[in-house]
Structure formats: structure tokens, C-alpha cells
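Chemist: Residue numbers (the numbering used here), protein chains in the order written: chain A, 41 to 756; chain B, 41 to 756.
Can you read through this structure? Questions will come right after.
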């Protein structure tokens with residue numbers, strides 16, 4: 041189990057610091073925060089200041105602005121104009137190339153070379169500001185998508201519709217239903233794209249997905265003159281899935297070789313990476329049951345399998361999410377990430393498939409392999425070593441295994457490493473710090489500050505935000521909660537509670553970033569006199585494999601039991617009105633919301649369930665079957681977690697919200713639950729957001745949260 | 041205008057009688073009516089007793105029952121068993137034909153012949169109980185629909201999919217999108233079917249509809265494993281419409297001739313009828329603008345146009361809804377129905393196209409031409425002559441034009457005429473009579489009673505139901521209202537009001553039938569302490585053309601002004617709480633509900649709008665363009681009545697309900713209004729009934745009205 045003593049100790053230490061108070065200002069002189077302030081997309085959205093356009097040009101730190109490209113001295117932070125837009129546009133106009141509209145578009149992948157490129161419209165333009173020349177590198181079709189430019193070879197891959205293009209040439213010519221160069225397997229297994237340039241940029245690996253056998257889910261666009269159909273091929277749990285191949289295209293001879301992976305039926309081809317010499321390509325192959333993975337090397341010229349380097353299996357599931365990465369100083373060695381010891385850690389392997397050693401270990405996990413510092417032979421990474429709520433930067437010596445702490449041991453850090461790995465831009469926040477941007481010299485362990493953002497809410501009334509732990513329903517596991525309360529609590533009053541819940545894998549609602557990751561709506565509701573409570577139950581992210589996989593084959597059950605522990609904790613607080621407990625969540629949190637309303641009607645009075653999974657049989661194969669197996673192999677689990685079977689148990693007020701273009705969790709979930717309620721003569725409420733996908737973003741998000749607010753005001 | 045003195049006089053006289061009181065029983069000993077009692081589809085639905093299975097076998101009155109076929113003596117009502125099911129099944133089993141399961145299926149079109157036929161499964165069976173023989177007349181495909189059996193020729197027409205079959209032969213072989221033998225023009229213009237046997241049953245006229253050019257509206261069925269698409273070709277206002285032809289199929293030579301009507305683009309072919317000699321077929325052709333109609337005769341052998349007998353036009357619209365009918369005693373003369381003098385009346389014409397005379401006239405209208413009594417040369421019809429709320433039976437002498445009153449001058453009558461026209465089964469109700477069934481001898485003007493149903497609610501608490509008139513917003517026109525109030529009104533209390541509204545053409549909410557046509561839900565809500573008010577505004581049915589067409593090109597505006605007059609009337613009643621006025625309606629009534637909420641937010645606090653037309657541009661051509669012209673020719677009218685343009689004016693609580701299989705008023709109406717509200721940051725509520733069409737019927741209707749009830753309870 042996770043509750044190791046040392047971790048606990050650190051945790052409690054941390055929590056004692058985490059008690060936030062925002063009552064520095066006299067509350068009555070403060071302004072009210074509205075949803076327009078608090079929601080991204082709101083008319084007057086307020087957010088912490090940031091340094092946009094900071095990036096690296098080799099080891100030089102550059103600041104992109106609209107009109108200037110500046111150099112930032114990494115020793116003292118002083119700025120100097122490197123280039124003006126006027127200068128660039130003079131060059132461009134002489135060459136008859138369209139103007140650069142902002143330096144934010146400029147990309148500087150070439151260290152120590154006075155040139156940059158930018159993408160504008162359908163053109164890729166290269167500017168050499170020393171030679172004062174400019175040229176058009178590529179001109180794509182206007183409808184090009186998934187552009188993937190390789191700065192080494194200057195090759196460009198992109199897709200037009202379902203086909204792949206490289207430079208000006210169409211590479212595939214497939215009918216609808218066969219898709220090249222795009223993400224596959226519904227972007228699970230860490231897959232985010234469909235093209236992968238080789239180390240030298242001379243060869244292009246790409247996905248080819250045949251989904252003609254996958255059932256079409258019909259979505260309807262009601263904004264056209266006559267409502268129109270938008271089909272999406274959505275492979276549901278237990279049904280036939282798409283089939284994937286990996287092609288390798290060689291722009292030099294315009295030939296494509298497909299990897300000889302054998303029958304692709306019921307297999308997932310994940311985490312593509314290249315050997316440093318481009319001769320081999322690595323894949324992690326996963327079976328349909330997702331309980332076995334294999335790291336495979338193929339010959340990039342012949343497409344033949346060269347070797348299975350590593351295999352991993354687990355009685356529940358494996359989940360490779362990161363490609364292997366070769367050491368820049370040793371082309372025979374690479375780093376593999378694995379949860380095989382219960383936490384995501386790094387392993388050093390060689391190209392012969394031998395595990396040289398486990399590089400990191402302990403009851404914490406590596407979150408991101410940021411990059412390398414070859415001169416010190418260090419890996420720069422982020423990890424939860426300080427706290428499961430934090431993301432801190434560490435430098436790991438590959439040889440000694442020693443970890444150097446690079447940051448302040450607080451908060452959530454997003455590092456951006458320089459070309460040599462000597463510097464990083466460390467952008468972070470912590471409970472009391474909305475945003476800090478530093479430049480760190482990793483070698484010298486020094487840092488200079490570029491930005492320390494003020495509290496953007498400082499003139500506004502703010503609630504009290506507190507983080508702590510309680511025990512899970514197993515009586516052992518520590519769970520983090522966040523309690524948001526009105527700034528002035530009247531001791532004679534009891535306050536209604538809204539539980540905001542997510543609860544599923546891959547996500548954590550509470551973190552050590554600014555205000556502990558509180559949401560704008562939590563602040564809004566607390567200011568209105570509600571207590572907003574969130575608990576990261578078992579099954580959520582950043583706590584290791586066992587913490588996550590204890591929910592296997594019956595998603596939502598243990599998670600719900602933990603949420604009830606949260607309610608028990610709340611009931612010990614004398615200012616909580618336990619007769620007025622509401623719950624709200626989206627997606628997995630929508631499932632949790634509905635499940636809590638149905639399984640614990642004596643506790644939860646009002647719920648708002650958005651984009652909810654109601655029946656895992658209607659969810660997609662890749663995510664769903666990992667945790668639930670198939671409806672055929674786990675009929676009891678599917679039955680037990682199919683909320684339509686409990687529609688008759690609805691007692692409280694439950695608002696169901698779904699987006700009509702939700703391709704992640706299709707509208708059928710909510711509508712079939714609704715139908716089950718109609719059959720059972722129970723009475724949920726419903727709302728639909730037309731032309732939104734999985735959650736309501738943009739301007740309409742204010743409407744969404746006003747709608748949700750009103751529902752709790754009406755009924756809680 | 042309509043408010044002629046004599047009509048008014050009768051009206052007031054009538055209304056003084058119409059004041060109903062249901063307080064005979066001590067209210068406290070009475071049981072409560074639930075929605076399960078009051079809704080068709082409810083688990084314990086209560087309705088007045090009726091005599092099902094009464095029909096004519098020539099001039100013999102027969103009562104069909106499960107096990108017996110009985111004769112009813114038309115002089116004294118005495119019953120006699122004519123035939124038992126045992127006897128019939130003995131005959132059938134001897135012939136190896138499947139058993140008759142109930143006499144309700146038996147059809148007796150052959151007067152004085154001891155035989156009947158019945159349809160069971162895919163078989164048409166003829167039974168001769170005198171000869172004790174039985175035979176299978178037809179065996180259709182199991183998926184046969186739209187069956188049309190002609191008892192004279194014994195020919196059978198039916199459709200399989202989109203194609204037409206006659207007897208065992210497939211007549212058309214068209215791809216999807218071309219439909220034979222089914223109703224066309226979305227069943228407007230009185231069209232209810234697509235096959236029309238000739239007078240002798242030897243020739244079959246049928247519609248052929250090419251709708252390949254009509255845009256598909258996508259509906260989604262969420263009850264399949266993966267939600268599936270159900271397209272419907274829905275021709276929206278101003279867009280391209282389907283094209284219709286009329287074919288004539290001759291089973292004797294298996295040839296089909298199509299009428300040479302010319303280019304069918306933007307034309308409606310309505311009201312098909314045959315000449316008595318089968319040599320000619322009559323159509324009423326209407327132009328797309330629906331302001332001109334032509335009665336045309338075609339040669340049934342050649343398909344060529346013989347003559348245009350009659351033309352009618354109107355600056356607003358014409359609306360032929362009934363085929364011409366030949367006099368049984370004169371094959372050269374027929375009866376035409378027309379609103380040309382402002383009310384639907386009968387005209388006697390000859391086959392040369394001459395109007396011999398207007399048969400009926402006055403400020404009332406003919407509702408149905410029921411049939412003929414050839415021996416007396418009378419037409420039997422129903423009409424509003426007594427009152428616009430009633431439907432009374434009249435016998436019209438074709439020669440003298442004299443009208444004989446056949447019924448009791450009260451209520452709403454549904455007559456069924458015997459073979460010779462001498463008798464009729466008069467089934468009727470009136471405000472205090474739930475159901476009466478009499479047999480009437482038209483010649484002798486005598487009647488015997490078969491049924492006088494008890495009040496099925498007599499053991500239950502019932503509200504007070506009252507009907508009266510107020511002036512329309514024009515200050516002149518009388519409008520009928522119905523006021524349903526709790527049985528005991530507390531004089532010191534003020535009661536909330538719910539306006540139930542329809543308001544569109546072709547319908548009348550208040551009539552002189554049982555309880556003045558009150559709805560079950562009205563009773564339910566009045567028993568709960570609400571006042572339920574309904575007003576048939578200008579534009580509604582049974583009041584003549586000008587009353588209806590004053591709403592031309594801006595549907596909903598005048599109708600709403602009249603509803604406000606209703607509210608003004610209510611505000612004169614000291615027991616009405618004018619701060620708590622709700623409104624509910626479906627379809628056109630959904631439009632009215634939404635429009636009233638938006639146009640009169642100071643009056644209407646809560647609305648429930650079901651299956652609403654929100655924007656006439658999304659409604660179909662045939663109904664919509666009749667009243668609104670096209671979006672191209674009436675842009676101001678469409679803009680003014682498009683409720684999405686007023687979404688920002690929503691102040692009260694408005695629940696929008698739509699069925700996801702609504703093919704009459706597609707879901708796009710409600711969803712696009714919802715989107716307009718989201719854009720405008722206003723906050724309606726929503727509910728959807730999956731797998732229901734235009735209104736929720738069957739068991740789920742109880743859920744619907746419980747949902748609606750709760751909404752008013754929550755917010756009014």
C-alpha cells in the first residue's frame with residue numbers, strides 16, 4: 041500500500057504549510073468576482089500574468105513579442121532587441137513574400153544560426169536575418185492539417201482530409217474510413233499525433249488507420265439550414281475496433297514501406313520512436329486485453345521485426361504512455377518508463393534489450409522526462425518526489441543515480457530546457473504564488489527571476505481554501521481533499537456543500553499549484569455561501585499503480601465509497617449543513633455524480649452531471665476496456681456500473697448536461713439514461729449544449745456555469 | 041366579420057346552459073384522480089363507456105364482439121346472435137385456414153350476403169357462413185403496409201417499402217427516395233393515403249412521389265447498440281419540394297398510365313376521386329403559393345386532361361381538403377366543398393363544370409359530408425349550424441335546399457350511416473353526457489338508445505368547468521374560453537393560472553362535447569389548486585375563413601394578442617393571482633407558449649413549450665407556406681415570427697420539451713432556440729423524450745405530464 045511512513049511525514053509537514061488565508065484585505069471593500077471574471081471565455085476573464093513567447097534559441101533565451109524578438113541575458117535577465125519586425129518585413133517585401141504579422145509565430149530551432157522560420161497561412165517561410173534573405177520553404181494546400189515540420193531536413197508532413205502529404209506530394213490515396221498521418225487508438229497510450237520524423241528528419245513514420253469496420257455514431261449539427269449529419273467512427277467496448285499499420289515514407293525515393301507487424305486485429309501500436317541512426321524504429325505493442333506490452337524494434341528499410349526488447353504484463357492492465365528516449369551521449373542506450381514496480385519510473389536499457397539498471401525508484405513517480413544535460417550526463421525530469429500534489433524538477437545523474445533538486449521544492453513546475461540542457465525556463469505556481477517565471481542555470485544551480493505575478497484577484501472577495509487528507513474507505517490510504525469555504529463563516533450558520541468530483545484515472549483535481557488548483561466556479565460558489573469540497577479518490581492520478589488500479593473491472597464503485605468518506609469528514613465540521621449536499625462533475629465526474637445520486641440518495645440532494653459516462657458499454661475500447669475489460673468478459677462489472685440499471689433509484693434533483701458534438705462520451709450515454717428514467721418514472725432534468733464537444737468551452741462556458749449555479753440555487 | 045347577430049344570440053343562449061357543476065357529490069368523500077387515471081396510456085386510465093364494434097351490414101346494424109357477431113334490431117335495439125366464432129372457426133379449420141381470433145376484425149361490406157372478410161397476419165380471408173366455405177383472398181408480404189382492399193372487385197393494393205403492390209404483383213420498382221402508393225404532400229390538403237380504387241374497384245389510382253431532391257433531416261435512435269441514423273426527407277419552407285405524379289394501374293392488363301399533368305415542380309395534386317363510370321378521375325391541383333386551385337378531370341385510360349371544371353383563388357390561400365363526391369342518383373352531378381364565401385359549404389356541380397347551385401350557406405360551416413340518403417335525395421352532413429362548438433347532424437334536401445335537424449341539437453356527434461342512408465349510428469357526447477350511442481331512423485326521425493355512459497369520474501373529485509366568450513383583441517370577434525377551477529374556491533385566496541394553448545389552424549380546444557373537451561391534465565391541475573384557462577383565439581378552427589386567415593403571413597402575433605385578452609379577462613376574476621400565470625402548449629401551442637413568454641414577460645411567469653415551432657423557416661412547405669408564404673417572399677414575416685430572434689427577452693422560467701423522433705416539427709426548432717438562448721445568455725430548461733414523435737403518447741405520456749406538473753409546482 042501507499043501509506044509509507046516517510047511519505048506521510050512529508051505530507052503532513054507540507055499540509056501544515058498549505059493552510060491558506062486570503063483574508064488580508066478587509067472583505068467589505070472588495071469587489072465581487074463574477075463568472076465573467078472566473079471562467080476562461082468570460083468577457084472579463086482574470087488570470088495571473090505570464091510571460092508568453094519565452095523560448096530557447098540554442099542556449100540563448102529569447103522573448104518573442106508582437107514587434108520585436110528580444111534576447112534575455114540568462115545571467116541577469118536583461119533584455120536586448122535582437123530583431124525588429126520592421127527589419128524582417130523589409131527583407132520579406134524585397135523577396136515578395138507576405139509579411140510577418142507577429143514574432144509569436146517565429147520558430148528558432150537552429151542554435152547559433154541567425155535565421156528563423158514561421159508558418160503563415162499555407163506558407164512556411166525561412167528568414168535569414170544575417171544574409172537578409174527569405175524564402176518559401178513550403179506551400180501547403182489551404183486545408184492542410186496536422187502539419188509536422190522537421191527543422192533538420194526541412195521536410196514537411198501534413199494531412200489533407202484522410203490522406204497524407206509530404207512536401208508537395210500526396211503519399212496516400214485512400215477512401216473515407218482509411219486515415220493516414222493522424223493520431224490513432226483515440227489518442228490513448230500517450231499518442232497525440234500520426235507522423236514521426238526520424239532523428240535526422242529523412243524518414244517519416246506515420247500511422248495508417250483502417251476504420252471502415254467501425255460503427256458510425258451519428259451526431260447532428262443543428263446550426264446548418266437543415267440540420268446535418270456528422271458521423272464519427274466510434275469503436276465501442278466489446279465491438280470491432282479499427283486496425284492500424286505503421287508506414288515509413290522515404291522522401292528521397294518516394295517509397296513507403298509498411299512495418300511487418302502481422303495481423304493488426306485487436307492490437308495497439310503505440311509510442312513510436314526512432315533510433316539515433318534512423319536504421320531502426322521502436323514501437324510498444326499492446327494486446328486488446330491491454331495486459332501485455334512489448335517493446336519491438338523494426339528495421340526501417342525493410343519493415344521487418346528485428347527484436348522484441350522488453351515485455352511487460354500485469355493481471356489488470358499495462359499502460360505504456362511514453363516512447364523510449366535514447367541518451368544523447370550513447371546511441372546504444374535508452375530510457376524506458378514503466379510502472380512495473382508500482383510507480384512510473386525510469387529504466388536504462390540498451391539496444392540489445394537488457395535492462396542496465398532502474399534509474400529512479402521509490403513511492404513517488406516520474407511525471408515527465410524533460411530532457412538531457414549531456415555534459416553532466418543528467419536527465420532532467422519532473423516528479424512527485426516532494427509530494428503527490430507537486431511537480432518538481434530533478435536532475436538525475438545517469439551514472440550515479442543521484443537526484444539533484446533543481447527547484448524550490450514547492451508547487452507545480454513546467455520546465456522548458458535549453459538546447460544544451462544547461463538552462464531551463466522554470467514556470468511554476470504554488471498555493472500562494474499565482475505564477476513565477478525564472479531562468480535556471482542547472483550547472484551552477486542559480487536562478488534569476490523574470491516574473492512574479494501579483495494575485496489577480498487581490499481587489500476581489502476571495503474564499504478560504506484549505507487542503508488536507510482523510511482516509512479512504514479502505515481505512516488505510518490517504519486521500520487529499522480541498523475545502524473551499526466562504527471568507528467569513530458565521531459560526532451560528534450551517535452552509536450547504538457542493539462536492540466537485542472527477543474521480544477517474546489520469547487526473548488529479550487537487551494540486552500544489554496556485555490556490556491548490558481551485559476552479560473558478562469553486563471560488564464563485566464559495567463567495568455565494570456554499571462550501572465546495574473536492575476529494576481525489578482512489579483511482580485518480582499521481583499516486584501510483586495500485587492506487588489507480590484498485591478500481592479495475594468496476595469503475596466508480598470504490599471511487600464512490602471514498603467520496604462518502606469525504607462526506608463523513610464534512611459531517612464532522614459544525615458549519616456544514618449535511619441536509620444540503622450537492623454534487624457536480626463532468627465526464628468521469630459526470631458518472632460519479634450520477635452514481636452518487638443513485639447509490640447514496642440519503643446523502644446527495646442535488647446533482648449536476650455533465651458529459652457523463654452512464655454505461656461503459658457505450659464508451660470507447662481503448663480507455664474503457666483498459667479498466668473494464670469487455671462486456672463479454674466482464675458482464676457483471678458492466679451491469680453493476682451501468683447506471684441505467686439504477687434509474688429507478690433517483691430521488692433527488694439531477695440535472696444531466698451533454699454536448700451534442702461530444703465525440704469522447706457520445707450523447708447516447710445521457711439520452712439512454714434519460715430514457716431509463718422515463719421508463720422508471722423518475723424525473724431528472726436535462727440540458728444540451730449544441731455544437732460543443734466534450735465539455736463547454738469558450739464564451740458559452742459562462743452560460744454553462746451560470747446554468748449549473750442556478751440549478752443548485754433552485755434546488756439545494 | 042363573423043359576429044352576426046343571430047349567431048350571437050344562439051351562442052349566448054347556449055352558454056347559459058353550458059355552466060356545468062360537478063359538485064353533486066360531497067367532495068370530501070371523493071377519491072383523487074391521478075395522472076394514471078387521466079392520461080391515455082396511464083396504468084389505470086379511466087374513460088367513458090362506449091360501444092365498440094358497432095357497424096352496418098347494409099341496413100342491418102351489427103355488433104362485433106370477441107366471440108359473437110350480433111344483429112341489433114334497429115326498431116327496438118334488441119340483440120340477436122347472428123354468428124359465433126366457434127361456427128366460423130369450424131368452417132375455417134375444415135378449409136385449413138387459420139382461426140379468427142375476434143369478430144372485431146370482421147368486415148361486412150356486402151349487404152344481404154352472408155359473408156364477411158377479415159385480415160389476419162398477412163392473409164385476407166373470405167368466409168361464407170351460409171355456404172360454410174372459406175377462402176384466402178390474398179396473402180401479402182409480411183412487411184406489407186398501407187393495405188387498401190376493394191370489396192367490390194376484391195382487389196388489394198399495398199406497399200412494401202417504397203414500392204406498390206397490387207394483389208401478388210409488384211407494380212413499381214423504384215430506388216429509395218421515390219415512393220409509390222403512400223400519402224404525399226405531408227398529408228396536408230386532406231390527403232391521408234396513396235391508393236384510390238375506382239368506383240367499381242377495377243382501376244387503382246396511386247401517388248408516386250419523387251423526393252430524391254428533398255433534403256434529409258437526420259434523426260438519431262439512441263436505443264440501438266450504437267445510436268443509429270434515421271433520415272427523413274423533410275422539405276422546409278422556401279426549399280425544394282418533392283414532385284408528385286398520379287398513376288392509374290389496371291390489374292386486368294397490368295398496365296400503368298400516368299396522368300399527363302405536366303411539370304410537377306411546385307404543384308400539389310390533391311383530393312383524388314373517381315367518376316361513377318371509372319372513365320374519369322378528378323384531382324384538385326394547387327400551386328406552390330397555395331392561392332389557386334383547379335378542379336381537373338383526366339381521362340383514366342389515356343391519362344390526358346379532359347377539362348378544368350372549376351378554379352378558385354384567394355389573395356391569401358385556398359385550402360381544398362375534400363374530394364368531390366358524385367350524387368348516387370345522378371352520375372352527372374357532384375358535390376364540391378369550398379370556403380369561397382368565407383365558410384366551408386356545399387356546392388352542386390355538374391360534370392360540365394357548371395355550378396348548379398350553392399347547397400348550403402350561412403355563417404356556419406359544413407364539417408363532414410357523411411353520405412347520402414338516395415331515396416329522399418338527401419345529403420347527410422355534420423355542421424356547426426347550432427354552435428361553433430358543436431357538430432350536429434343535418435339532412436339536406438338536394439332539390440329544395442331544406443335542412444332537417446337529425447339530432448338533439450346538442451353536443452358533438454359522430455354519425456355512421458347505413459348502406460341505404462336510412463339509418464345512422466349516432467355516437468355523441470355533450471357537456472354533461474360522457475357518451476351516448478343511438479340508432480337513428482332518418483326517414484322516420486326516430487331514435488333508440490343503445491348506450492348512455494355514466495360519468496366515469498363520478499367517484500372522484502372533479503373541478504368546475506365553465507365556458508364563455510370574450511372579445512378578441514380586435515374588439516369585435518367573439519372568442520370561446522374554457523375556465524377550469526378547483527371544485528371549492530376559497531374566496532379569500534388567489535389561485536395561480538395555467539393557460540393551456542394551441543391557437544393554430546385546423547384545431548379547436550373548446551367544444552360542446554363531454555366536459556367541453558377538457559383535457560385530463562386540466563382536471564388534474566385544477567384539482568391541485570390551479571386555474572386552467574384555454575381560449576380559442578383567432579386563427580383556430582370551425583369559425584370560418586376570415587377568422588382563420590387574419591393571421592396570414594405572421595403566425596402567432598394576433599393569436600398572442602387574443603391570448604392577452606384572455607389574461608385581461610382573468611384579471612377581472614377576484615380569485616385569480618395575476619402574479620402567477622403560467623402557459624403550456626404543444627406544437628403550434630409550443631410556439632404560442634414560447635412567444636407569449638418572450639413577448640409578454642410581464643404577464644407570463646412560467647411556460648412549458650412542447651414540440652414547438654420556433655422558426656417557420658424550419659417547418660415544412662405544405663402547411664407552413666400556406667400561412668406564411670416563403671422566407672424569400674415574406675422575409676419580414678419570417679423574421680418577426682422567428683422566436684430565436686427574441687431569445688434575449690426570456691425572463692421567466694421556460695421548459696422546452698421536444699421528441700427526438702419528431703418528424704412533424706423537427707428537433708432543430710427547440711435546439712436552435714436553445715442555442716440562441718445560450719448565445720443571448722438567457723436560461724431556458726430542456727427535456728427530450730427519446731423515441732417519441734410529435735408528442736409523447738402511450739405509457740410515457742404520464743411521465744410527460746408529471747414532468748410538466750412538477751415544473752409548474754417548482755416555479756409558478
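Note that the Cβ used here is the ideal one computed from N, Cα and C, for glycine as well.
Measuring straight from C-alpha to C-alpha, what distance separates residue 561 of chain B and residue 261 of chain B?
Modeler: One C-alpha to the other measures close to 29 Å.
Chemist: Any beta-carbon of chain B closer than 8 Å to the one on residue 267 of chain A?
Modeler: Judged by the 8 Å Cβ criterion, residue 267 of chain A is in contact with chain B.
Chemist: Per DSSP, what kind of secondary structure is residue 527 of chain A in: helix, strand or coil?
Modeler: coil
Chemist: Please report the distance separating the alpha-carbon of residue 386 of chain A from that of residue 404 of chain A.
Modeler: 12 Å
Chemist: Buried or exposed for residue 362 of chain A, going by 16 or more other Cβ atoms inside 10 Å?
Modeler: buried
Chemist: Buried or exposed for residue 475 of chain B, please, with buried defined as at least 16 other CB atoms from any protein chain shown within 10 angstroms of its CB.
Modeler: buried
Chemist: How is residue 411 of chain B classed by DSSP in three states: helix, strand or coil?
Modeler: strand
Chemist: Quickly, what does DSSP pair residue 698 of chain B with across the bridge? List them, please.
Modeler: B:728
Chemist: Which one or two residues does DSSP pair with residue 295 of chain A in a beta bridge?
Modeler: A:290
Chemist: With H, G and I counted as helix, E and B as strand and the rest as coil, what does DSSP make of residue 522 of chain A?
Modeler: Residue 522 of chain A: strand per DSSP, three-state reduction.
Chemist: Which residue wins for smallest C-alpha separation from residue 82 of chain A, given the options A:527, A:689, A:745, A:232?
Modeler: A:745
Chemist: If you drop the 5 nearest sequence neighbours on each side, which residues of the same chain put their C-beta closer than 7 Å to that of residue 429 of chain A?
Modeler: Apart from sequence neighbours up to five positions away, the residues of its chain that approach residue 429 of chain A with a beta-carbon distance below 7 Å are 520, 550, 551, 552, ordered along the chain.
Chemist: Under 8 Å, do residue 465 of chain A and residue 438 of chain A count as touching if we go by C-beta distance?
Modeler: No.
Chemist: Can you tell which of B:154, B:149, B:174, B:112 has the C-alpha that lies nearest to the C-alpha of residue 140 of chain B?
Modeler: B:174
Chemist: Which word fits residue 440 of chain B, buried or exposed, when buried means at least 16 other C-beta atoms lie within 10 angstroms of its C-beta?
Modeler: exposed
Chemist: Among residues of its own chain, excluding the 5 on either side of residue 634 of chain B, which ones have a beta-carbon nearer than 8 Å to its beta-carbon?
Modeler: Answer for residue 634 of chain B: 647, 649, 652, 654, 683, 694, 696, 713, listed in chain order.
Chemist: Helix, strand or coil, according to DSSP, for residue 569 of chain B in the structure here?
Modeler: Coil.
Chemist: Could you work out which residue in A:690, A:252, A:638 is closest to residue 215 of chain A when comparing CA atoms only?
Modeler: A:252
Chemist: Cβ atoms of residue 413 of chain B and residue 459 of chain B: under 8 Å apart, would you say?
Modeler: no
Chemist: Leaving out the 5 sequence neighbours to the left and right, which residues in its chain are closer than 7 Å to residue 529 of chain A when beta-carbon positions are compared?
Modeler: 615
Chemist: Which residue's Cα is closest to the Cα of residue 280 of chain B: B:233, B:547, B:288, B:328?
Modeler: B:328
Chemist: Establish whether the CB of residue 752 of chain A and some CB of chain B are separated by less than 8 Å.
Modeler: no
Chemist: Are any of the Cβ atoms in chain B nearer than 8 Å to that of residue 84 of chain A?
Modeler: no
Chemist: What does residue 715 of chain B touch in chain A if you count any residue whose Cβ is under 8 Å from its own?
Modeler: 262, 263, 730, 731
Chemist: Run down chain A in chain order and give the residues with a C-beta less than 7 Å from the C-beta of residue 743 of chain B.
Modeler: Per Cβ cutoff of 7 Å: 718, 721.
Chemist: Tell me, please, which residues DSSP counts as bridged to residue 717 of chain A.
Modeler: For residue 717 of chain A, which the question treats as bridged, DSSP gives no partner whatsoever.
Chemist: Go through the segment 620-654 of chain B residue by residue and report every complete run of the alpha helix (DSSP H) that reaches 4 residues or more, in order.
Modeler: 628-639
Chemist: Work out the CA separation of residue 498 of chain B and residue 433 of chain B for me, nearest whole Å.
Modeler: 29 Å
Chemist: Using CA atoms only, rank isn't needed, just tell me which of A:159, A:122, A:126, A:127 is closest to residue 153 of chain A.
Modeler: Looking at the Cα atoms, A:122 is the closest of the given residues.
Chemist: Could you list which residues in chain B have their beta carbon closer than 8 Å to that of residue 706 of chain A, in chain order?
Modeler: 267
Chemist: So residue 485 of chain B is in the alpha helix (DSSP H); what residue range does that whole segment cover?
Modeler: Unbroken run through residue 485 of chain B: none, as it is neither H nor E.
Chemist: On the CB-based measure, 16 or more other CB atoms within 10 Å of its CB, does residue 232 of chain B come out buried or exposed?
Modeler: exposed
Chemist: Using a Cβ-Cβ cut-off of 8 Å, state whether residue 726 of chain A counts as contacting chain B.
Modeler: yes
Chemist: Among the residues of its own chain, which have a CB less than 6 Å from the CB of residue 90 of chain B, if the five just before and after it don't count?
Modeler: 475
Chemist: So, does the CB of residue 747 of chain A fall closer than 8 Å to a CB anywhere in chain B?
Modeler: yes
Chemist: Could you say which of A:291, A:606, A:546 lies nearest to residue 589 of chain A if we only look at CA atoms?
Modeler: Looking at the Cα atoms, A:546 is the closest of the given residues.
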